[in-house]
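Asks: The structure follows.
Protein chains: 2
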Amino acid sequence: MVIRITALVFLGAILLGPTVGRADEGMWTFDNFPASEIASRHGVNISRDWLEHVQRSVVRLSNCTASYVSANGLILTNHHCVASCLAEHSGRDSSLLETGFLATSRTEELRCGTQIADTLIAMIDVTADVNAATSGMAAGAANDARKKRLTELESDCERTPPDPASGGSTRCEAVTLYQGGQYYIYKYRRYDDVRLVFAPEEGIAAFGGDPDNFQFPRWCLDMGVLRAYWKGRPARTADFLKVDFAGPAEGEAVFVAGHPGSTDRLLTVAELKGLRDRDLPGALLRASEMRGRYIQFGKQSESAARIVAEPLNSLENGIKVRRKLLDALHDDDMLAVKSAEEQALAERLQAGGDNPFARIAQAQRAEDAFYLDYLFLENMVGFNSQLFRYARAIVRAAAERDKPNTERLREYTDAALPRLTQRLEAPTPVYPELEQLTLSYSLERMREWLGPDHAVVRELLASDSPDSLASRLLTGSKLSDPAERMRLYNGGQPAVAASDDALIKLAASLEPKARAVRQQYENEVEAPSAQAAEEIARARFAALGTSVYPDATFTLRLNPGTVQGWQESGRTIEPFTRLSRLFERATGRAPFAIPQKWLDAKDRLDLNTPFNLSTNNDIVGGNSGSPLINARGQVVGLMFDGNIHSISGAYWFDTDKNRAVAVDTAIIREALSKVYDAKALLKEIGAGR
Amino acid sequence: MVIRITALVFLGAILLGPTVGRADEGMWTFDNFPASEIASRHGVNISRDWLEHVQRSVVRLSNCTASYVSANGLILTNHHCVASCLAEHSGRDSSLLETGFLATSRTEELRCGTQIADTLIAMIDVTADVNAATSGMAAGAANDARKKRLTELESDCERTPPDPASGGSTRCEAVTLYQGGQYYIYKYRRYDDVRLVFAPEEGIAAFGGDPDNFQFPRWCLDMGVLRAYWKGRPARTADFLKVDFAGPAEGEAVFVAGHPGSTDRLLTVAELKGLRDRDLPGALLRASEMRGRYIQFGKQSESAARIVAEPLNSLENGIKVRRKLLDALHDDDMLAVKSAEEQALAERLQAGGDNPFARIAQAQRAEDAFYLDYLFLENMVGFNSQLFRYARAIVRAAAERDKPNTERLREYTDAALPRLTQRLEAPTPVYPELEQLTLSYSLERMREWLGPDHAVVRELLASDSPDSLASRLLTGSKLSDPAERMRLYNGGQPAVAASDDALIKLAASLEPKARAVRQQYENEVEAPSAQAAEEIARARFAALGTSVYPDATFTLRLNPGTVQGWQESGRTIEPFTRLSRLFERATGRAPFAIPQKWLDAKDRLDLNTPFNLSTNNDIVGGNSGSPLINARGQVVGLMFDGNIHSISGAYWFDTDKNRAVAVDTAIIREALSKVYDAKALLKEIGAGR
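Keeping their order, the protein sequence lines are chains S and U.
Numbering follows numbering that gives the first Met the number 0, with no gaps: position 581 of the first sequence is 580.
Numbering follows numbering that gives the first Met the number 0, with no gaps: position 152 of the second sequence is 151.
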């Protein structure tokens with residue numbers, strides 16, 4: 000469901016042969032969109048106005064993309080992008096994931112405690128400034144200076160007051176494009192009061208569940224509706240997208256505007272092999288075991304099944320993605336192509352055996368020595384617990400906030416703290432039985448991977464089992480109470496030092512080791528890799544300029560494509576599914592059970608309505624909830640997934656088979672009007688027509 | 000714990016350079032042991048008598064190796080080799096795995112329902128005979144003719160009556176060595192009444208549990224004692240090994256005689272990549288999820304933990320092995336060496352693009368198309384249930400037994416049926432709640448991997464969830480009753496056709512699809528690969544003769560080595576551990592809890608007693624329980640594991656770091672005399688001194 004897709008700049012081909020426009024690959028920044036190439040390829044004119052209007056209508060959520068679809072802050076996104084908000088408002092006895100939700104008036108709209116709605120206002124190129132700040136420095140010093148300068152630039156940017164007409168706050172974030180080829184400050188208008196308006200039942204939003212995830216044909220109403228608020232009233236969103244409920248046609252040119260989360264198309268072969276040999280197999284092993292524990296836990300009772308549903312969905316999605324990523328990296332031919340590209344670039348650089356690719360490979364080998372410590376201690380894979388993550392944030396924020404802004408770890412700068420306090424304040428439900436499961440599990444795996452004789456393991460488990468330790472830690476902590484979290488956060492170092500909360504004490508005791516291995520990572524991996532990547536980026540720029548696109552960074556991009564199916568093992572996969580087949584395919588048992596409202600409405604529905612569709616847009620996780628936009632700038636679909644071939648898009652774009660998957664706007668109208676009786680909502684969405 | 004280790008014939012080095020004796024790598028057959036090379040390397044003379052005596056003293060169990068250690072059929076092996084027998088005699092309320100077991104008289108010895116004790120009596124070279132039977136045939140016809148001829152040769156061999164002095168039955172098995180370079184009939188004396196005499200608590204047999212598995216230093220009393228019976232009386236075993244309770248010394252020459260299960264050192268690069276890209280990642284994903292389900296299931300209650308303990312141990316062992324196998328196959332340098340070797344051999348063969356390596360690669364690609372069907376339907380990965388495995392065997396045996404012996408699937412020939420009926424007759428406990436877990440799990444994963452629209456999945460889960468289907472199948476079956484199993488088995492096709500047992504009906508309905516995909520596998524993968532492997536083997540033979548050793552095939556081998564530690568990250572790992580450190584390392588919590596008997600005995604024990612030791616013997620899973628033998632032919636240790644580096648031995652032998660791990664005979668004496676008060680047993684084992 001979270002789309003995790005991407006494309007490869009065929010740099011080798013470009014460097015070694017003529018530059019050829021390659022299909023519709025490419026996640027373009029809005030200030031570098033190849034409009035003239037699109038005009039000649041698709042016969043569609045994308046004007047400056049079109050781009051500006053779309054840019055100001057698209058929303059970045061905390062985890063997804065969305066778009067404004069009314070002047071009153073109404074936001075259209077995916078169901079799976081609002082799932083954590085649904086879980087926040089659910090409990091052991093009932094779940095909005097199961098029942099769905101419709102606010103029949105604004106007072107019924109439900110605050111999503113950890114959600115935000117950001118809109119990109121400006122993109123400021125600071126490359127020259129950053130390069131000047133690091134000029135002539137060794138890798139380690141340059142790494143520190145770069146971060147410091149970016150933090151300063153963020154602070155400067157945030158001093159601009161927001162536009163009073165639209166309200167919101169100003170938030171600025173540094174963005175690294177082309178692996179250090181360019182540095183930007185992106186300026187956003189943020190609303191941090193975001194409320195739930197509508198979500199269908201998960202049974203129809205994710206019909207087919209994990210088995211159908213990343214498959215097509217599909218029948219998922221993966222939609223959710225939110226509303227941005229400012230000072231207790233719906234935000235005024237002058238820029239919003241109109242919706243065309245007729246949906247798109249086969250072959251039509253369509254555009255995806257959104258925030259692709261991350262791609263690895265510019266990673267070196269050494270880095271890709273690090274993923275293949277180390278990161279992905281380990282992550283898959285751990286996630287698969289968690290899946291088994293979650294599923295078995297859920298079989299205990301209906302309420303157990305309910306509270307584990309959302310984390311299980313998200314885990315299973317991650318497993319499917321990583322499984323196919325690993326498959327992709329086992330394509331030795333593709334790695335050979337990348338090796339040849341590197342060879343060609345290295346020759347241009349004429350740096351001999353000490354070329355930047357070799358230095359990155361060296362950094363990868365260095366990382367092997369402390370990778371597991373970093374993972375389990377600093378990345379908290381050994382302490383898989385929501386409460387422990389609160390404890391870490393509280394302990395670390397206390398130490399970091401005592402430092403000047405530019406000296407802090409980047410996730411505790413003034414620009415980053417509002418998101419942190421929002422998380423700490425939110426009344427997110429914490430289930431002790433699930434905490435026990437995940438914490439005990441992760442302690443057990445830490446003992447397995449670090450070994451029983453590792454100093455931290457020895458100390459923690461000297462006379463405890465993972466179960467008994469987890470139980471003692473969790474019963475000894477009050478961090479499930481937001482007020483207690485904020486008391487500690489606001490109390491800073493003295494409050495933390497005085498606390499006898501078991502998890503706070505654990506987090507504090509781990510700090511020296513965790514920070515030390517992070518420092519080691521920064522010195523031995525991050526700094527030399529960043530410097531080498533900048534050198535590579537400069538060589539690429541010398542050859543290509545910005546005629547290629549940067550890797551995804553969860554910042555705003557635009558991608559062109561067309562509505563189309565594909566060929567698979569000699570069969571043609573048609574680009575549209577229809578409502579009728581949903582009813583034929585149901586089994587009556589989850590995840591193939593159709594919700595009762597749909598069964599009741601069946602006779603009223605037009606069974607010929609298009610349901611989901613496939614396009615050749617180049618998208619990836621983070622693009623979930625992105626509007627699919629026609630040449631007139633109207634929404635004709637809602638991206639929610641890719642087909643199974645799309646997952647290898649993290650590393651390269653398979654023109655023949657990589658397809659994105661969207662909800663057709665036609666089924667949205669059909670559902671809102673005939674299944675959910677959501678006339679007011681439909682009218683508000685449709686008001687733009 | 001199950002040793003899964005191995006070595007690579009550095010064929011490239013041998014083909015391309017001078018033949019060099021390489022360390023102590025090699026699993027030699029007893030009729031081709033390089034005694035003169037050993038004499039010059041170790042200064043030890045291994046005589047024909049030594050070899051014959053050892054050959055007749057070593058035992059092949061159903062899953063492990065062992066040795067006779069008294070004239071009355073007493074068998075010494077590992078605890079983990081008798082774990083399934085301990086589980087057979089355990090239940091929800093108590094477990095011999097936890098408590099251990101000691102028979103204080105012969106009448107207390109407990110029958111192991113599915114165990115056998117085989118001793119190799121003769122090795123008959125039938126290569127010329129088999130080659131004549133397949134001469135000039137195409138791959139498919141040759142594959143069928145080869146199997147048929149081997150079945151005939153087995154039948155002929157089994158007509159020899161057993162030696163009346165020792166009793167037992169005669170069992171003959173075809174053995175393929177050097178991937179088809181040689182064919183043998185191995186003739187065994189079998190006892191199929193094997194009883195449990197002694198096992199320590201799992202807490203000390205597997206101290207450190209999964210975290211310590213494949214680690215060294217270690218402190219595991221991984222021993223178990225069985226006794227072979229014939230006609231209700233202890234078997235007369237004139238050949239048995241004497242035990243030297245002083246144990247071995249550092250640097251001493253030591254020999255492992257046993258049955259290494261399987262190695263892949265002669266697989267082609269294409270086959271290794273099939274393991275790397277397809278088999279291992281999938282198997283790891285599935286096993287890790289099962290691990291999570293098992294662990295979470297075990298947390299429900301003490302009795303749940305008890306019944307899941309043995310399957311969980313075995314699963315975790317498999318995960319650790321496969322994890323390190325996958326790591327090994329990510330060693331691109333090693334694969335490059337193998338590629339170069341293949342290139343060199345292919346050039347000798349002068350077969351151009353149609354060389355046997357290319358044909359094997361082609362067969363691997365062909366397999367991709369039906370691999371998942373084969374796995375889930377024929378290999379029963381979609382039907383993970385003990386009762387379903389009985390059902391499959393009953394249904395298939397009924398069909399196969401109606402055919403002439405040589406026309407049957409190889410696992411249903413007259414030579415194979417005694418093992419099958421032993422399994423069906425054995426009163427192995429079956430726990431419905433565990434069956435429900437494994438069957439539901441596997442149905443769910445079958446739906447995931449084959450997809451919800453696969454014909455078999457559609458049919459089975461048209462209106463069922465995996466849980467509801469598993470429950471219906473299990474409550475609708477009486478196959479947990481051995482008498483019912485034997486009634487159906489003896490009743491043959493009519494009984495099967497008349498049965499309304501839900502699992503029998505399911506197994507019967509799956510037969511056409513399962514057999515079809517097996518046929519496809521045999522035609523498109525097995526037959527062309529076998530023919531190509533024979534060609535490669537002939538080319539190897541032309542270059543090397545039998546100066547190299549064949550891959551492991553769970554048949555008797557002898558390997559030379561010395562007691563030694565190794566260097567790791569600049570540290571020296573000493574070859575012996577001592578009892579004192581066991582007590583220092585304990586945490587009081589499983590798997591680091593020392594059993595009460597040991598705590599009680601602590602003051603009586605010599606804490607300086609050697610406990611476990613490492614050697615550079617080249618062994619692998621199946622070697623578990625093998626005697627470690629000194630130059631005088633006496634047992635000085637009991638192999639039970641390898642270090643973590645040993646796992647890559649499946650593909651190549653790492654001379655510097657691959658170490659085998661054994662129980663020292665000194666700790667066996669200390670334990671039997673001072674902890675378990677097993678004086679009679681110690682006397683019987685020691686009687687040979």
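Ideal Cβ placement from N, Cα and C applies to all residues, glycine included.
Only a predicted model underlies this, so the values are computations on that prediction, with no experimental measurement involved.
Starting from the N-terminal side, write out each stretch of the beta strand (DSSP E) that is 3 residues or longer and does not extend beyond the segment 617 to 660 of chain U.
Replies: 626 to 628 and 634 to 641
Asks: Quick one: does U:F610 have its CB under 9 angstroms from some CB of chain S?
Replies: One-based indexing of the second sequence puts residue 610 of chain U at position 611. No, its Cβ sits nowhere closer than 9 angstroms to a Cβ of chain S.
Asks: Could you tell me the boundaries of the alpha helix (DSSP H) in which S:I359 lies?
Replies: Here residue 359 of chain S refers to the residue found at position 360 of the first sequence. Where S:I359 is concerned, the enclosing alpha helix (DSSP H) stretches over P355 to D367.
Asks: What residue ranges within the segment 542 to 630 of chain U form continuous alpha helix (DSSP H) runs of no fewer than 4 residues, ordered along the chain?
Replies: 578 to 584 and 595 to 600
Asks: Does chain S have any CB closer than 9 angstroms to the CB of U:Y430?
Replies: Looking up residue 430 of chain U in the second sequence gives position 431. Output row for U:Y430: interface = no.
Asks: Taking just the CA atoms, how far does U:A397 sit from U:G491?
Replies: In the second sequence, the residue the question calls residue 491 of chain U occupies position 492. In the second sequence, the residue the question calls residue 397 of chain U occupies position 398. So the alpha carbons of these two residues sit roughly 4 angstroms apart.
Asks: Using 10 angstroms around the beta-carbon of S:R290, count the other beta-carbons present and answer buried if the total reaches 16, otherwise exposed.
Replies: Sequence index remark: in the first sequence, residue 290 of chain S carries index 291 (1-based). The residue is buried, with at least 16 neighbouring Cβ atoms inside 10 Å.
Asks: Determine the DSSP secondary structure at U:M122, reduced to helix, strand or coil.
Replies: Taking the second sequence and counting its residues from 1, the one referred to as residue 122 of chain U is at position 123. U:M122: strand per DSSP, three-state reduction.
Asks: Suppose the cutoff is 6 angstroms on Cβ atoms and the five residues either side in sequence are ignored; what does the same chain contact list for U:Y697 look like?
Replies: Given a span of 0 to 688 for chain U in the structure shown, any question on residue 697 of chain U remains unanswerable.
Asks: The beta strand (DSSP E) with S:N510 in it runs from where to where?
Replies: To locate residue 510 of chain S, count along the first sequence from 1; it is residue 511. Rather than Asn, the amino acid found at residue 510 of chain S in this sequence is Glu. Note, S:E510: premise wrong, no beta strand (DSSP E); alpha helix (DSSP H) at A501 to Y520.
Asks: Am I right that U:P626 and U:A234 are in contact with their C-beta atoms under 8 angstroms? What's the rounded C-beta distance?
Replies: For the purposes of this step, residue 626 of chain U is taken as the residue at position 627 of the second sequence. For the purposes of this step, residue 234 of chain U is taken as the residue at position 235 of the second sequence. Actually they are not in contact, since the Cβ atoms of U:P626 and U:A234 sit about 18 angstroms apart, beyond 8 angstroms.
Asks: Give the interface partners of S:S313 over in chain A, defined as CB-CB distance under 8 angstroms, in chain order.
Replies: Among the protein chains in the structure shown, which are S and U, there is no chain A.
Asks: Please name the residue or residues paired with S:A252 in a DSSP beta bridge.
Replies: Start at 1 with the first residue of the first sequence, and residue 252 of chain S comes out as number 253. According to DSSP, S:A252 bridges with S:T561.
Asks: By the three-class DSSP mapping on this structure, what secondary structure does U:K673 have?
Replies: In the second sequence, the residue the question calls residue 673 of chain U occupies position 674. Helix at U:K673.
Asks: With 16 other CB atoms within 10 Å as the buried threshold, where does S:Q518 fall?
Replies: For the purposes of this step, residue 518 of chain S is taken as the residue at position 519 of the first sequence. By the 10 Å Cβ count, S:Q518 comes out exposed.
Asks: If we ignore side chains and look at the alpha-carbon of each, how far apart do U:S300 and U:P431 end up?
Replies: Stepping through the second sequence from its first residue, residue 300 of chain U is reached at position 301. Stepping through the second sequence from its first residue, residue 431 of chain U is reached at position 432. Cα-Cα distance, rounded: 16 angstroms.
Asks: Listing by chain order, which chain S residues have their CB less than 7 angstroms from the CB of U:T586?
Replies: Working through the second sequence from its first residue, we reach residue 586 of chain U at position 587. Under the 7 angstroms cutoff, chain S gives L460, A461 and S462.
Asks: For U:P310, decide whether its Cβ has a neighbour in chain S, counting only Cβ atoms nearer than 9 angstroms.
Replies: The count along the second sequence starts at 1 and reaches residue 310 of chain U at position 311. At a cut-off of 9 angstroms between beta-carbon atoms, U:P310 makes no contact with chain S.
Asks: Going by DSSP, what residue range makes up the beta strand (DSSP E) through U:I184?
Replies: Residue mapping note: residue 184 of chain U aligns to position 185 of the second sequence, counting from 1. Taken as a continuous stretch (DSSP letters only), the beta strand (DSSP E) holding U:I184 covers Q181 to Y190.
Asks: Does U:A677 have its Cβ less than 9 angstroms from a Cβ in chain S?
Replies: Translated into the one-based positions of the second sequence, residue 677 of chain U becomes position 678. By this cut-off, U:A677 is not an interface position.
Asks: Residues of chain S with CB under 7 angstroms from U:I646, in chain order?
Replies: Here residue 646 of chain U corresponds to residue number 647 of the second sequence, with the count starting at 1. By Cβ distance, chain S contributes nothing, its closest Cβ being about 14 angstroms from U:I646, past 7 angstroms.
Asks: Are U:A286 and U:G297 closer than 9 angstroms when you measure CB to CB?
Replies: Reading the second sequence from its first residue, position 287 is the one you call residue 286 of chain U. Reading the second sequence from its first residue, position 298 is the one you call residue 297 of chain U. Not in contact: U:A286 and U:G297 (Cβ atoms no closer than 9 angstroms).
Asks: Taking 9 angstroms as the cut-off, decide whether the C-beta atoms of U:L109 and U:C84 are in contact.
Replies: Your numbering for residue 109 of chain U matches position 110 in the second sequence. Your numbering for residue 84 of chain U matches position 85 in the second sequence. Cβ distance < 9 angstroms, so U:L109 and U:C84 count as in contact.
Asks: Please report the distance separating the alpha-carbon of S:F32 from that of U:E315.
Replies: Numbered from its first residue, the first sequence carries residue 32 of chain S at position 33. Numbered from its first residue, the second sequence carries residue 315 of chain U at position 316. Each residue's Cα considered, the two are about 52 angstroms apart.
Asks: With a threshold of 16 other CB atoms inside 10 Å of the CB of U:T712, please say whether the residue is buried or exposed.
Replies: Residue 712 of chain U is absent from the model: chain U starts at 0 and stops at 688.
Asks: List the residues of chain U whose Cβ lies closer than 8 angstroms to the Cβ of S:D209, in chain order.
Replies: Residue numbering aside, residue 209 of chain S sits at position 210 when the first sequence is read from its first letter. Ordered by position in chain U, the residues that pass the 8 angstroms Cβ test against S:D209 are E447.
Asks: Work out the CA separation of U:Q421 and U:L478 for me, nearest whole Å.
Replies: The sequence position of residue 478 of chain U within the second sequence is 479, counting from 1. The sequence position of residue 421 of chain U within the second sequence is 422, counting from 1. Distance between the alpha carbons of U:L478 and U:Q421 is about 15 angstroms.
Asks: For the segment 148 to 168 of chain S against the segment 406 to 424 of chain S, do three or more pairs of beta-carbon atoms, one drawn from each stretch, fall closer than 8 angstroms, so that the two count as touching?
Replies: yes
Asks: Establish whether the CB of U:K656 and some CB of chain S are separated by less than 9 angstroms.
Replies: Residue numbering aside, residue 656 of chain U sits at position 657 when the second sequence is read from its first letter. No, no contact with chain S.
Asks: What's the C-alpha gap between U:I306 and U:K682?
Replies: Here residue 306 of chain U refers to the residue found at position 307 of the second sequence. Here residue 682 of chain U refers to the residue found at position 683 of the second sequence. Each residue's alpha carbon lies about 34 angstroms from the other.
Asks: If distances are taken between C-alpha atoms only, which option among S:V242, S:G99 and S:R321 comes closest to S:E201?
Replies: Walking along the first sequence from the start, residue 201 of chain S turns up at place 202. Measuring from the Cα of S:E201, the nearest candidate turns out to be S:G99.
Asks: Could you tell me which whole alpha helix (DSSP H) segments of length 4 or greater appear in the segment 118 to 167 of chain S?
Replies: 126 to 133 and 138 to 157
Asks: Among the candidates S:P609, S:I646 and S:A659, whose CA atom is the shortest distance from the CA of S:R321?
Replies: For this step, residue 321 of chain S is matched to residue 322 along the first sequence. Here the closest residue by C-alpha is S:I646.
Asks: Taking only beta carbons into account, state which residues of the segment 260 to 290 of chain S come closer than 7 angstroms to chain U, listed in chain order.
Replies: R275, D276, P280, L283, L284, S287, E288, M289 and R290
Asks: Of all the options U:D463, U:L423 and U:T427, which has the alpha carbon lying nearest to the alpha carbon of U:S439?
Replies: In the second sequence, counting from the first residue as 1, residue 439 of chain U sits at position 440. Minimum Cα distance to U:S439 is reached at U:D463.
Asks: By the 9 angstroms beta-carbon criterion, what residues does the segment 291 to 308 of chain S contribute toward chain U?
Replies: G291, R292, Y293, I294, Q295, F296, K298 and Q299
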